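Novice: Protein sequences, first through last, are from chains A and B. If you count the first sequence from 1, position 178 lands on 178 in UniProt numbering, and the numbers rise without skipping. If you count the second sequence from 1, position 26 lands on 26 in UniProt numbering, and the numbers rise without skipping. So that we are looking at the same thing, I have put the structure below in structure tokens.
There are 2 protein chains.
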Amino acid sequence: MGGEGGRGRAKYRRIADDLREAVTRGRYGPGDRLPGENDLMASYEVARMTARQALGVLQSEGIAESRKGAGVFVRTFRPLRRRGIERVAENRWGHGRSIWAADTEDRETVVDHLRVTEEAAPAGIGGVLALAAGDTVCVRRRRYVLDGKPVLLAASYLPAALVSGSAVTSADPGPGGIYARLAELGHAPAHFREEIRSRMPSADEADRLELGTGTPVILVCRTAFTADGRAVEVNEMTMDAASYVLEYDFDA
Amino acid sequence: MGGEGGRGRAKYRRIADDLREAVTRGRYGPGDRLPGENDLMASYEVARMTARQALGVLQSEGIAESRKGAGVFVRTFRPLRRRGIERVAENRWGHGRSIWAADTEDRETVVDHLRVTEEAAPAGIGGVLALAAGDTVCVRRRRYVLDGKPVLLAASYLPAALVSGSAVTSADPGPGGIYARLAELGHAPAHFREEIRSRMPSADEADRLELGTGTPVILVCRTAFTADGRAVEVNEMTMDAASYVLEYDFDA
DNA sequence: AAGTGGTCTAGACCACCTA
DNA sequence: AGGTGGTCTAGACCACTTA
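Okay, here's the thing in structure tokens:
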């Protein structure tokens, strides 16, 4: 064949369509094994690369995932719910509950790869925090692992001039987390802005979040402002899109 | 070679890494043409399918897009900013200090494919709107096209019992939109909830939004509640993730 | 040990775009 | 017209998983 000729769709597309329909119709449920390359080569009488391409479509759509040596399987979708507004409400962070504990409920959460450093402010961050050239930031990086599966990478940036020497720069910032410490230092966050994007992960992100093909990341960038309008923290979060539903509640 | 042998990464990964680095280093800017299959075959001494696989990696990462007969090009990212909470004082926190630049200027927006129908309530929607089995909903579907590029699909569901016969069911709901009409009918929305997900698009969504490979969709599902807590509208939005930055502002 | 997906080769014809 | 990406074939060796 070749080209996009033959009037209809390409062979691999037809095969992918058949498989997708079988999944949406429930012929294959979450976790089930799909017909493999050899099966498709036989039943559709195509070459290996063509069968492979068809299975690749489902994988890049996030419908299926391959496990080397085992087969191609229908993926499951079991997200967490992250509430953007209540979770940072003052009564929560003032009363000994860290932000993450507020929305993970009963599943086992592990914080991983925690590193606290002082660095030159990255370009975008420095602008938001209104830093002068050469100013440094305290960066708190960490990874959240839920039931053994990494779900979130976070990097929190704070002006070093504001927080150096305080508990904010130690691995464990103490009860209430860094917002409680900021409040004690006279920089209590009064307002938050969250900006949200989504894109495909970089190779590095896919690696650290153990993402399968066809899984985007959600980027949430939260800026914390004091009552007098100074930005005191920027928190960049990179989330496994298959693990999260974000929720924002607000009045008209 | 074959397998994942050879100790290092696969050839196509190495090539993809080289290309990605060249892009991030600015060797190729947005809109520039990358080395094509033939170039890579020559410079890396690999087979066609291997060069192709390398370029496929960049495409599925959303870094590049292919144009048939022309080449593979670096993609551009020029998102719109969508503010979820309009009522927040803009002066006070400012719009200048955002992490991701986005167009605020007015670009030409066209609403497309508008259809208003009355249908049986889909499973999930009926539950949220607290409908009885067999109740119908008024569905307003439309597509937003910005400067010729479709960016958003929306489907708004309202209980037919509440709105049938009103201007809500006509193509042009009049000044203030359907929320103004709901208010006149005694069902003024007082509270909103927005739930956000991201995943790869279905073939149909990719088609209607004219999405390139490696572009996820952002799903925003907004529920409008009246002051007494009744859900009166569910609005399902499917957005081109490369075209949007969402923003939520809220106080601590 | 057998089967699976991962990688790779060396060809081929096609439709599309740009010049 | 010539180059580009899109599709396809028919082989091959490999590492991995499962039994």
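Where a beta carbon is used, it is the ideal one built from N, C-alpha and C, also for glycine. This one's a predicted model, so the numbers in the text were calculated from it and none came from an experiment.
1. With burial defined as no fewer than 16 other Cβ atoms inside 10 Å of the residue's Cβ, what is the status of HIS191 of chain A: buried or exposed?
2. Quick one: list the residues of chain B neighbouring MET200 of chain A, beta-carbon separation under 7 Å, in chain order.
3. Is any beta-carbon of chain B found at less than 8 Å from that of ASP249 of chain A?
4. Can you tell me which of B:ARG181, B:VAL116, B:ARG33, B:TYR157 puts its alpha carbon nearest to the alpha carbon of GLY124 of chain B?
5. Compare the Cα-Cα distances from VAL245 of chain B to each of B:VAL220, B:GLY229, B:GLU184 and report the closest residue.
6. Residues of chain A with CB under 8 Å from HIS191 of chain B, in chain order?
7. Quick one, which of A:CYS138, A:HIS187, A:THR169 has its alpha-carbon nearest PRO159 of chain A's?
8. For the stretch 176 to 193 of chain A against the stretch 188 to 206 of chain B, are there 3 or more C-beta pairs whose distance is under 8 Å?
9. With GLU21 of chain A as the anchor, note down where its alpha helix (DSSP H) starts and where it stops.
10. Compare the C-beta of ARG197 of chain B with all C-beta atoms of chain A and state if any pair is closer than 8 Å.
11. Ends of the beta strand (DSSP E) at ALA70 of chain B?
12. Considering only residues of the stretch 134 to 222 of chain B, which uninterrupted beta strand (DSSP E) runs meet the minimum length of 3 residues and lie entirely inside it, listed in chain order?
13. With contact counted as at least three CB pairs below 8 Å, one residue from each stretch, are the stretch 138 to 147 of chain A and the stretch 110 to 129 of chain A in contact?
14. Taking the beta strand (DSSP E) that TYR44 of chain B belongs to, which residues open and close that run?
15. Check whether the Cβ atoms of LEU162 of chain B and VAL234 of chain B sit closer than 8 Å, and answer yes or no.
16. Suppose contacts are defined by Cβ-Cβ distances below 8 Å. Is GLU61 of chain A in contact with GLY214 of chain A by that definition?
17. Out of curiosity, what's the CA-to-CA distance linking ASN38 of chain A and ARG75 of chain B?
18. Would you tell me roughly how many angstroms separate the C-alpha atoms of ALA80 of chain B and ASP249 of chain B, rounded to the nearest one?
19. Helix, strand or coil for THR226 of chain B? Go by DSSP, reduced to three states.
20. May I have the straight-line CA-CA distance separating PRO175 of chain B from ALA252 of chain A, to the nearest angstrom?
21. List, in chain order, every chain B residue whose beta-carbon is nearer than 8 Å to that of VAL245 of chain A.
22. With PRO42 of chain B and ILE15 of chain B assumed to form a contact (beta carbons below 8 Å), what rounded beta-carbon distance in angstroms separates them?
23. Please list the residues of the UniProt domain "HTH gntR-type" (9 to 77) of chain A that have a C-beta atom closer than 7 Å to any C-beta atom in chain B, keeping them in chain order.
24. Would you say ALA241 of chain B faces chain A, with C-beta separation under 8 Å as the test?
25. Output yes if chain A places a C-beta closer than 8 Å to the C-beta of SER156 of chain B; else output no.
26. Per DSSP, what kind of secondary structure is LEU34 of chain B in: helix, strand or coil?
27. If the criterion is Cβ atoms closer than 8 Å, does the pair GLY26 of chain A and VAL72 of chain A meet it?
28. Three-state secondary structure (DSSP) at LEU129 of chain A?
29. In terms of DSSP beta bridges, what is TYR248 of chain B paired with?
30. Residues of chain A with a CB under 8 Å from the CB of GLY186 of chain B: which are they?
31. With burial defined as no fewer than 16 other Cβ atoms inside 10 Å of the residue's Cβ, what is the status of ASP207 of chain B: buried or exposed?
32. Between which two residues does the alpha helix (DSSP H) containing THR50 of chain B stretch?
33. Let's test the definition: count the other Cβ atoms within 10 Å of the Cβ of ALA64 of chain B and tell me whether it reaches 16, buried, or not, exposed.
34. Which residues in the same chain have their Cβ closer than 7 Å to the Cβ of THR50 of chain A, if we skip the five residues on either side of it in sequence?
35. Does DSSP put ALA121 of chain A in a helix, in a strand, or in coil?
36. For ILE85 of chain B, which residues in chain A fall below 8 Å Cβ to Cβ?
Specialist: Reading off the structure:
1. The residue given as residue 191 of chain A occupies position 191 in the first sequence. HIS191 of chain A comes out buried.
2. Within the first sequence, numbered from 1, the residue matching residue 200 of chain A stands at position 200. Per Cβ cutoff of 7 Å: SER60, GLU61, GLY62, GLY214, PRO216.
3. Residue numbering aside, residue 249 of chain A sits at position 249 when the first sequence is read from its first letter. It does: the Cβ of ASP249 of chain A has a partner Cβ on chain B nearer than 8 Å.
4. Translated into positions along the second sequence, residue 124 of chain B becomes position 124. GLY124 of chain B has its Cα closest to that of B:TYR157, out of B:ARG181, B:VAL116, B:ARG33, B:TYR157.
5. If you number the second sequence from 1, residue 245 of chain B lands on position 245. Among B:VAL220, B:GLY229, B:GLU184, the Cα nearest to that of VAL245 of chain B is on B:VAL220.
6. For the purposes of this step, residue 191 of chain B is taken as residue 191 along the second sequence, with counting starting at 1. Result: ASP249, PHE250, ASP251, ALA252.
7. Your numbering for residue 159 of chain A matches position 159 in the first sequence. Of the listed residues, the one whose Cα sits closest to PRO159 of chain A is A:CYS138.
8. no
9. Taking the first residue of the first sequence as position 1, residue 21 of chain A is located at position 21. Note, GLU21 of chain A: alpha helix (DSSP H), 11 to 24.
10. Taking the second sequence and counting its residues from 1, one reaches residue 197 of chain B at position 197. Taking Cβ atoms only, chain A reaches closer than 8 Å to ARG197 of chain B, which makes this a yes.
11. In the second sequence, the residue the question calls residue 70 of chain B occupies position 70. First-last for ALA70 of chain B: undefined, no H or E at that position.
12. 136 to 146, 149 to 159, 189 to 199
13. yes
14. Position 44 of the second sequence, counted from the first residue, corresponds to residue 44 of chain B. Note, TYR44 of chain B: premise wrong, no beta strand (DSSP E); alpha helix (DSSP H) at 37 to 44.
15. In the second sequence, residue 162 of chain B corresponds to position 162, counting from 1. In the second sequence, residue 234 of chain B corresponds to position 234, counting from 1. Against a cut-off of 8 Å, the Cβ pair of VAL234 of chain B and LEU162 of chain B comes out as no contact.
16. For the purposes of this step, residue 61 of chain A is taken as the residue at position 61 of the first sequence. For the purposes of this step, residue 214 of chain A is taken as the residue at position 214 of the first sequence. The answer is yes: Cβ separation under 8 Å.
17. Taking the first residue of the first sequence as 1, we reach residue 38 of chain A at position 38. Taking the first residue of the second sequence as 1, we reach residue 75 of chain B at position 75. The alpha-carbon atoms of ASN38 of chain A and ARG75 of chain B are separated by roughly 36 Å.
18. On the second sequence, position 80 is the one that residue 80 of chain B refers to. On the second sequence, position 249 is the one that residue 249 of chain B refers to. Correcting the residue identity first, residue 80 of chain B is Leu in this sequence and not Ala. Each residue's alpha carbon lies about 16 Å from the other.
19. In the second sequence, the residue the question calls residue 226 of chain B occupies position 226. In the structure shown, THR226 of chain B sits in a strand (DSSP, three-state: E or B).
20. Position 175 of the second sequence holds residue 175 of chain B. Position 252 of the first sequence holds residue 252 of chain A. Each residue's Cα considered, the two are about 18 Å apart.
21. Here the question's residue 245 of chain A lines up with position 245 in the first sequence. Residues of chain B passing the Cβ test: GLU195, ILE196, ARG197.
22. The residue labelled residue 42 of chain B in the question sits at position 42 within the second sequence. The residue labelled residue 15 of chain B in the question sits at position 15 within the second sequence. In the sequence on display, residue 42 of chain B carries Ala and not Pro. Their Cβ separation, rounded to whole angstroms, is 12 Å, which puts ALA42 of chain B and ILE15 of chain B out of contact at 8 Å.
23. Only SER60, GLU61, GLY62 from the UniProt domain "HTH gntR-type" (9 to 77) of chain A bring a Cβ to less than 7 Å from some Cβ of chain B.
24. Residue 241 of chain B sits at position 241 when you count from the first residue of the second sequence. Closer than 8 Å: yes.
25. As a working note, residue 156 of chain B is residue 156 in the second sequence. Cβ-Cβ to chain A under 8 Å: no for SER156 of chain B.
26. Along the second sequence, read from residue 1 onward, the residue named residue 34 of chain B stands at position 34. Look at LEU34 of chain B here: in three-state DSSP terms it is coil, with no helix or strand label.
27. On the first sequence, position 26 is the one that residue 26 of chain A refers to. On the first sequence, position 72 is the one that residue 72 of chain A refers to. The Cβ atoms of GLY26 of chain A and VAL72 of chain A do not sit closer than 8 Å to each other.
28. Position 129 of the first sequence, counting from 1, holds the residue named residue 129 of chain A. Coil, per DSSP.
29. Taking the first residue of the second sequence as position 1, residue 248 of chain B is located at position 248. According to DSSP, TYR248 of chain B bridges with A:GLU194.
30. Start at 1 with the first residue of the second sequence, and residue 186 of chain B comes out as number 186. None at all; the shortest Cβ gap to chain A is about 15 Å.
31. Within the second sequence, the letter at position 207 stands for residue 207 of chain B. Label assigned to ASP207 of chain B: exposed.
32. Mapped onto the second sequence, residue 50 of chain B falls at position 50. Boundaries of the alpha helix (DSSP H) around THR50 of chain B: 48 to 60.
33. In the second sequence, residue 64 of chain B corresponds to position 64, counting from 1. By the Cβ neighbour-count rule, ALA64 of chain B is buried, with 16 or more other Cβ atoms within 10 Å of its own.
34. Counted from its first residue, the first sequence places residue 50 of chain A at position 50. Non-local beta-carbon contacts of THR50 of chain A in its own chain, meaning distances under 7 Å to residues more than five positions away in sequence, involve LYS11, TYR12 in chain order.
35. Counting from one through the first sequence, the residue named residue 121 of chain A turns up at place 121. DSSP, reduced to helix, strand and coil, places ALA121 of chain A outside both helices and strands of the structure shown, so it counts as coil.
36. As a first step, residue 85 of chain B is located in the second sequence; it is residue number 85 there, counting from the start. Result: TYR248, PHE250.
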